[in-house]
Amino acid sequence: MKKMKNTSFLAMLCLCFWGSISASAQERKPNILMIVCDDLGYNDVGFNGSKDIKTPALDQLAKAGTIMTSGYVTHPFCGPSRASMLTGRYPHPMGTQFNLPPNTEEEDLGIPVAELGIPVEETYISKVLKDAGYYTGIVGKWHLGTEPQYHPNVRGFEDFYGFLGGGHNYFPKQYREAYERQKKQGKKVIFDYLLPLEHNGKEVQEDEYLTDALSKQAIRQVNEAKAQDKPFFMYLAYNAPHTPLQAKEEDMAEYSGIKDQKRRTYAAMVHAVDRGVSQVVRQLKENGQFENTLIVFLSDNGGKIGRGANNYPLREGKGSACEGGFRVPMFFHWPAHIPAGKRFNYVVSSVDFYPTFAELAGAKIPSGKVLDGKVVINDIMKNRNTRKDEAIFAMRHRNTYNEVGVRYNDWKLLSQELGVWQLYNLKKDIGEQKDVSAKHPEIVKELVQKAQDWSESHHAPRWFHDGNTRELWEKNEMPRFDRTFQCTFF
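Take the sequence shown: its letters are residues -25 to -1, 1 to 465, numbered as in mature numbering (1 follows the signal peptide of the UniProt record, and there is no 0).
As structure tokens, this is what we get:
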């Protein structure tokens, strides 16, 4: 009997021990906060050199973390870029290389509305992390499908507060009045920028300026994760500073010295984002969550030229395969893990987030899941090049040609018309001003071949942003791959 009692005691002790280890392991899983701005220019944050826009909260995080000087997204437009962040894949092999169309009558789309969304076969990182015990939340812009099967709540996010379309007006009184007016007029389709916000599928009546409202909801989700004693993954998807350019008067007053009205409004919108980030960070600190939270900040593509953005010293902006189109402001912050005060000059791509987050969470990636990214966290910590002799790509299908960008070590290959390729050494020429293709035809040939090989994995677009683009594709005026990868001096 005594021996049995001792055995029972030891068993209970072991159970307590392993239970403690399990709880400890759960606590060690980092919170993951991915903050994404919309159309934010490379030079529109202090940590990248902005002189006229004040971003003290972001700058403090960037300074205490590591700035990615070569941070890239996969596409120079919102929807395809955001799809990559959640799937870990380039949009083109998924057939999601165009923005989803705005609210349009079904007969104009050439595709059933039920098919307008990221394929359900793609497992989002939110689902992977949820299955690993994470509280998963999204606040803000979705832009990945409005039908029920594409809704955030069925794609791994247990809490969603925001809007399903590609953009939204910022002042509730204005968009609510327009929405109600169009409803009374019996309009079948109402522009998605005017639709009410929702919380987990239910319409909500928001009263605050949109950026402030989203920051407030992010704080709510942080607190809910705390209350549930779970690590969290939050996708804080601001739509600022995307058009329409709308800012609060008090924020505009902060930038009275900026004479250009678009730039001034844009600056005030970025200011509101920075204020929101400071509020979220404050709550994380109050909750004791901050030290164990990885914060990744970036823009979904480059800033829009002519809409207040500044991508200096990069060439061009949103919509372009030049650096200004898909090289974005980015930093990683995680106390005691990510080196402080450093600049990481090697390539980091948004497709890397999926495998990196899964690795940090100890999460299981589904068998057969295709990933284009790599785990980068250890290389960031140790300042090692994750992609030595490996290329990353950007491609935009234009009306009669493909705009293509290839980053390979310090080289950048660019094509903005059929069969004509430019080559730049980004280490010496970040602004892509001096074409050296004639001096290095062998490098041009090698990188054109890499781009062509990559294109062979592409899927035909599942949808088009508008009817004209669909017609061009169907008439074989796009994608014109037969001529894209020719070169005039081979």
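Note that beta-carbon positions come from the ideal geometry of N, C-alpha and C, so glycine has one too.
According to DSSP, residue pairing for Met9 in a beta bridge involves Tyr210, Val271. By the Cβ test, the region 180 to 198 is in contact with the region 135 to 151, since at least three Cβ pairs between them sit closer than 8 Å.
Within the same chain, and ignoring the five residues on either side of Lys158 in sequence, the residues whose Cβ sits closer than 8 Å to its Cβ are Ile165. Contact annotation: the region 398 to 405 does not touch the region 435 to 452, with fewer than three C-beta pairs closer than 8 Å. In chain order, Asp327, Thr361 place their CB closer than 6 Å to the CB of Lys349, counting only its own chain and leaving out the 5 sequence neighbours on each side.
According to the DSSP secondary-structure assignment, Leu172 is paired through a beta bridge with Val179. Separation of the CB atoms of Gly54 and His118 is rounded to 5 Å, and the pair is thereby assigned contact status at 8 Å.
Beta bridge pairing from DSSP links Asn377 with His372. As a beta-bridge residue in DSSP terms, Lys116 pairs with Phe138. Phe306 and Phe22 do touch by the CB rule: their CB atoms are close to 7 Å apart, below 8 Å. Between the C-alpha atoms of Lys317 and Leu36 there is a straight-line separation of about 12 Å. Under the three-state reduction of DSSP, Trp309 is assigned to coil, being neither helix nor strand. Under DSSP, Val323 takes part in a beta bridge, and its partners are Gly46. In the DSSP assignment, the residues bridged to Leu398 are Leu388. Annotation: Gly337 is outside any alpha helix (DSSP H) and is labelled neither H nor E by DSSP.
Your pair Gly300 and Pro66 does not check out as a contact, with CB atoms roughly 14 Å apart and the cut at 8 Å. Look at Arg282 here: in three-state DSSP terms it is coil, with no helix or strand label. For Gln196, the enclosing alpha helix (DSSP H) begins and ends at 185 to 202. In terms of CA proximity to Arg57, Leu273 leads the group Gln160, Asn262, Pro310, Leu273.
By the CB criterion at 8 Å, Tyr17 and Arg290 fall outside the cutoff. The Cβ neighbour count for Gly292, taken over all protein chains shown within 10 Å, is at least 16; the residue is labelled buried. Rounded to the nearest angstrom, the gap between the Cα atoms of Asp182 and Ala153 is 15 Å.
Inter-residue distance for Val345 and Thr49 is about 16 Å (C-alpha atoms, whole angstroms). Annotation for Cys297: no alpha helix (DSSP H) segment contains it, and DSSP assigns it neither H nor E. Residue pairing by DSSP places Tyr110 opposite Phe207 in a beta bridge. Straight-line spacing of the CA atoms in Ile270 and Arg458 works out to 42 Å.
Per DSSP, Ala413 is not a residue of any alpha helix (DSSP H), being assigned neither H nor E. Residue pairing of Ala366 in beta bridges, as defined by DSSP: Tyr383. Assignment of Thr240 by DSSP, reduced to helix, strand and coil, places it in the helix class. Counting along the chain, the unbroken alpha helix (DSSP H) around Met60 starts and ends at 53 to 62. When only Cα atoms are considered, His415 and Asn374 end up about 30 Å apart. Beyond the five residues adjoining it in sequence on each side, Met227 comes within less than 6 Å, by CB distance, of Ala243 in the same chain, given in chain order. Per DSSP, reduced to three states, the secondary structure at Gly92 is strand.
Within the same chain, and ignoring the five residues on either side of Tyr168 in sequence, the residues whose Cβ sits closer than 8 Å to its Cβ are Gly140, Gly142, His143, Asn144, Tyr150, Pro219. Looking from the CA of Ala247, the closest CA among Gly283, Ser325, Tyr213 belongs to Tyr213. If the five residues before and after Tyr47 are omitted, its C-beta is found closer than 8 Å to the C-beta atoms of Phe301, Arg302, Val303, Val322, Val323, Ser324, Ser325, Ile367, Ala369, Arg382, all from its own chain and listed in chain order.
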